[in-house]
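Residue numbers (the numbering used here): 159 to 637. Note that the Cβ used here is the ideal one computed from N, Cα and C, for glycine as well. Scroll down for the structure; my scribbles are underneath it.
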Amino acid sequence: MSKQQRPKVDRKARLQIPPNNVKKRPPAERIKDFEEIYPFFYDLETAKLEAQRCIQCPGAPCVKACPIHNDIPGAFWLLEHGDLIGAANTFRKTSIMPEVCGRICPQEILCEGSCVVGKKNVPVHIGKLEAYVADYQRTNFGLPPREKADPVGQKIAVVGAGPAGLEVAEEMSTRGYAVTVFDAWPEPGGLLLYGIPNFKLDKEIVTTKIALLEELGVKFTCNTKVGEDVTIDELLDGYDAVFLGIGAPVCASQNVPGEDLKGIYYATDYLVRGNLAPELLPEHQRTPLEVGKRVAVIGGGDTAMDCVRTSIRLPQVETVTCVYRRTEKEMPGRAEERSNAKEEGVQFEFLTVPVRYIGNDDGQVTAMECVRMELGEPDSSGRRRPIPIEGSNFIQEVDTVILSLGYWPDPALGEKTENLQTHKWGLFVVDEETGATSREGVFAGGDAVRGADLVVTALASAKVAVKGMDAYLKAKRSA
Ligand SMILES: Cc1cc2nc3c(=O)[nH]c(=O)nc-3n(C[C@H](O)[C@H](O)[C@H](O)COP(=O)(O)OP(=O)(O)OC[C@H]3O[C@@H](n4cnc5c(N)ncnc54)[C@H](O)[C@@H]3O)c2cc1C
Ligand code: SF4
Numbered sequence: 159m160s161k162q163q164r165p166k167v168d169r170k171a172r173l174q175i176p177p178n179n180v181k182k183r184p185p186a187e188r189i190k191d192f193e194e195i196y197p198f199f200y201d202l203e204t205a206k207l208e209a210q211r212c213i214q215c216p217g218a219p220c221v222k223a224c225p226i227h228n229d230i231p232g233a234f235w236l237l238e239h240g241d242l243i244g245a246a247n248t249f250r251k252t253s254i255m256p257e258v259c260g261r262i263c264p265q266e267i268l269c270e271g272s273c274v275v276g277k278k279n280v281p282v283h284i285g286k287l288e289a290y291v292a293d294y295q296r297t298n299f300g301l302p303p304r305e306k307a308d309p310v311g312q313k314i315a316v317v318g319a320g321p322a323g324l325e326v327a328e329e330m331s332t333r334g335y336a337v338t339v340f341d342a343w344p345e346p347g348g349l350l351l352y353g354i355p356n357f358k359l360d361k362e363i364v365t366t367k368i369a370l371l372e373e374l375g376v377k378f379t380c381n382t383k384v385g386e387d388v389t390i391d392e393l394l395d396g397y398d399a400v401f402l403g404i405g406a407p408v409c410a411s412q413n414v415p416g417e418d419l420k421g422i423y424y425a426t427d428y429l430v431r432g433n434l435a436p437e438l439l440p441e442h443q444r445t446p447l448e449v450g451k452r453v454a455v456i457g458g459g460d461t462a463m464d465c466v467r468t469s470i471r472l473p474q475v476e477t478v479t480c481v482y483r484r485t486e487k488e489m490p491g492r493a494e495e496r497s498n499a500k501e502e503g504v505q506f507e508f509l510t511v512p513v514r515y516i517g518n519d520d521g522q523v524t525a526m527e528c529v530r531m532e533l534g535e536p537d538s539s540g541r542r543r544p545i546p547i548e549g550s551n552f553i554q555e556v557d558t559v560i561l562s563l564g565y566w567p568d569p570a571l572g573e574k575t576e577n578l579q580t581h582k583w584g585l586f587v588v589d590e591e592t593g594a595t596s597r598e599g600v601f602a603g604g605d606a607v608r609g610a611d612l613v614v615t616a617l618a619s620a621k622v623a624v625k626g627m628d629a630y631l632k633a634k635r636s637a
């Protein structure tokens with residue numbers, strides 16, 4: 159039912175409905191495994207009640223704030239009237255993975271951050287309801303098959319099987335293109351598989367999505383690094399267009415003495431080895447992690463929270479400390495994840511930064527020298543700059559350190575490919591309207607264009623590239 163056809167609702171009465179929070183598993187239970195912490199999002203009656211908290215406001219700022227513009231009020235209208243499949247399909251009109259985004263979008267700065275109900279009350283739990291209806295459909299009936307246009311006779315290569323690449327693969331395949339996805343990891347999924355832990359996003363959701371794409375006819379060629387195993391020039395010989403969704407995979411380093419000691423890990427290596435079965439990993443990452451009793455995670459974003467929460471789940475670990483150079487107010491990740499980490503027993507050391515790692519004769523880290531910080535004037539990110547306090551240095555004993563300091567793009571592909579323009583950090587330069595790079599027939603999107611960001615923004619930028627590629631290939635057909 160369109161917005162115009164829906165009857166007016168009694169907004170005052172709806173504003174009186176108390177918020178319905180989802181239940182979490184108790185922390186003492188959930189830190190014993192890597193299962194999701196929400197056993198289920200809602201039962202039907204509670205979900206309908208929560209959907210009724212949506213006041214169906216005409217401007218729907220939540221829709222504008224959602225990077226892919228999901229019709230949130232439309233979906234919730236169907237949900238409150240008991241049509242769960244209709245609600246799920248409303249999300250699926252604009253999203254290829256509502257069960258993922260509903261779980262892991264930072265809703266507080268996107269849809270829920272703009273919810274009018276949230277001005278005076280708790281915003282409608284948009285993300286949890288989205289995940290609930292999408293899960294209901296997927297687990298009871300499977301993902302709905304996509305209709306596919308007749309083959310157009312053109313082939314495209316997608317480089318990178320993360321959210322951006324999967325968006326392009328699915329949408330271009332439904333438009334009749336023959337799609338092959340290349341990825342450097344052994345399995346498709348990008349950071350959904352090789353990054354975000356299972357307790358935040360059940361991996362089965364990702365594998366079900368890949369299976370649907372395979373049914374659509376998408377081919378996956380894994381263990382293939384474009385730029386090394388095959389070049390973009392070679393791909394352009396065999397395909398009519400190429401999409402680059404290679405993410406921003408390089409972990410930032412701290413560049414302080416002792417960073418190469420044993421027992422110090424970069425976040426991605428730690429997360430994949432801590433969360434995935436060895437057979438899903440490349441040969442060189444199959445050795446088990448060696449994690450001691452006292453773990454320190456350096457950094458404060460979502461990845462840092464994933465590292466602390468992975469660590470606290472390892473049976474030998476006794477203490478986990480998140481060391482962050484600013485205060486909690488400046489932390490970049492989701493408040494919900496910090497609160498989950500605190501509930502699970504993670505400690506936080508704010509306004510602190512390690513300046514040196516200290517090792518024993520075997521080259522194993524045993525301690526770190528830290529310095530206390532105070533906040534000065536805001537820097538270019540708008541957050542107050544941390545300044546070391548002279549003479550505040552202290553030693554903290556540790557057995558394992560995880561560096562979670564952000565991600566950079568891999569500049570190699572840009573450097574190796576002629577006429578493929580990149581910014582100085584290696585991000586691809588694209589036309590904002592079409593996603594086209596400077597190299598004819600090559601498009602790009604996701605973190606490889608925006609820098610390390612979000613799943614939903616990767617999907618949004620890939621949608622731009624889908625339109626651009628489709629128009630480019632149509633023109634090529636009729637030339
Ligand atoms: C630990 C962690 C937690 C996160 N948590 C959240 C969260 O809670 N919410 C959220 O919205 N976002 C989160 N993110 C960010 C989110 O995962 C990314 O923004 C998103 O996955 C970007 O999608 P993408 O498709 O651009 O790139 P990616 O998901 O990084 O996928 C890129 C793919 O390209 C492949 N590739 C790279 N180079 C090559 C090459 N040369 N040849 C072939 N293949 C190549 C990679 O193997 C990878 O599979 C998190 C990220 C991390 C690391
Ligand atoms: S995709 Fe993300 S921002 Fe959009 S409605 Fe869903 S949870 Fe909100």
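- Task: Answer with buried or exposed for Phe512, where buried requires no fewer than 16 other C-beta atoms within 10 angstroms of its C-beta.
- Result: The question names Phe, but residue 512 is Pro in the sequence shown. Per the 10 Å Cβ criterion, buried.
- Query: How would you call Asn179, buried or exposed, if buried means at least 16 neighbouring beta carbons within 10 angstroms?
  - Reply: It is exposed - the Cβ of Asn179 has fewer than 16 other Cβ atoms within 10 Å.
- Item | Contact the stretch 475–493 vs the stretch 451–462: 3+ CB pairs below 8 Å | They touch, by the three-pair rule.
- Indicate whether Cys212 and Val280 have their beta-carbon atoms separated by less than 7 Å. Result no, Cβ atoms of Cys212 and Val280 do not sit closer than 7 Å.
- Do you know offhand how far Gly385's Cα is from Thr575's? So the alpha carbons of these two residues sit roughly 8 Å apart.
- Query: Identify the residues that DSSP records as bridge partners of Lys313: which are they?
  - Reply: According to DSSP, which records beta bridges pairwise, Lys313 is partnered with Ala336.
- With a threshold of 16 other CB atoms inside 10 Å of the CB of Asp395, please say whether the residue is buried or exposed. Asp395 should be labelled exposed.
- Through-space distance from Glu208 to Asp168, alpha-carbon basis: Spanning the two alpha carbons is a distance of roughly 15 Å.
- Query: Skipping 5 residues on each side, what residues in its chain have a beta carbon closer than 8 Å to that of Arg543?
  - Reply: Within the same chain, and ignoring the five residues on either side of Arg543 in sequence, the residues whose Cβ sits closer than 8 Å to its Cβ are Leu533, Gly534, Glu535, Pro536 and Asp537.
- Task: Please go through the same chain and pick out, in chain order, the residues whose beta-carbon is closer than 6 Å to the beta-carbon of Ala246, but skip the five residues on each side of it.
- Result: Counting only Cβ-Cβ distances below 6 Å, and skipping sequence neighbours, we find Val291, Ala292 and Gln295.
- On a CA-only basis, which of Pro264, His227, Val274 and Cys269 is nearest Lys170? Give me that one, please. The option with the nearest alpha carbon to Lys170 is Val274.
- Val388 to Arg608 span [Cα, whole Å]: Computed Cα separation, rounded: 25 Å.
- Item | Three-state secondary structure (DSSP) of Leu612 | In the three-state reduction of the DSSP assignment, Leu612 falls in the coil class, being assigned neither a helical nor a strand state.
- Message: Measuring CB atoms only, is the stretch 551–565 touching the stretch 418–438, in the sense that at least three cross pairs come out at less than 8 Å?
- Response: Touching, yes, given that three or more Cβ pairs across the two stretches are closer than 8 Å.
- So, are the CB atoms of Glu328 and Ile254 less than 7 Å apart? Yes, these two residues count as a Cβ contact at 7 Å.
- Using the C-alpha atoms, what's the distance from Lys487 back to Ile547? Distance between the alpha carbons of Ile547 and Lys487: 19 Å.
- Indicate, with yes or no, if ligand 1 has a heavy atom lying under 6 Å from the CB of Lys383. Lys383 has its CB nearer than 6 Å to a heavy atom of ligand 1.
- Quick one: is Ala616 near chain B, going by C-beta distance under 7 Å? Going by chain labels, chain B is absent from the structure shown, which holds only one protein chain.
- Item | Asp605 classed as buried or exposed, judged by whether at least 16 other C-beta atoms fall within 10 angstroms | Asp605 comes out buried.
- Determine the extent of the beta strand (DSSP E) in which Ala525 is found, giving its start and end residues. Counted as a single uninterrupted DSSP element, the beta strand (DSSP E) harbouring Ala525 occupies residues Val523 to Pro536.
- Message: Looking only at its chain, what residues have a beta carbon closer than 7 Å to the beta carbon of Val466, apart from the 5 residues adjacent to it on each side?
- Response: Excluding residues within five positions, the ones whose Cβ falls inside 7 Å are Val455, Val478, Cys480, Ala499 and Val504.
- How would you write the range of the beta strand (DSSP E) that Gln505 sits in, first residue to last? Looking at the DSSP string, the run of the beta strand (DSSP E) that includes Gln505 is Gln505 to Glu507.
- Would the beta-carbon of Leu350 fall within 7 Å of that of Val364? In this structure, the beta-carbon distance from Leu350 to Val364 falls below 7 Å.
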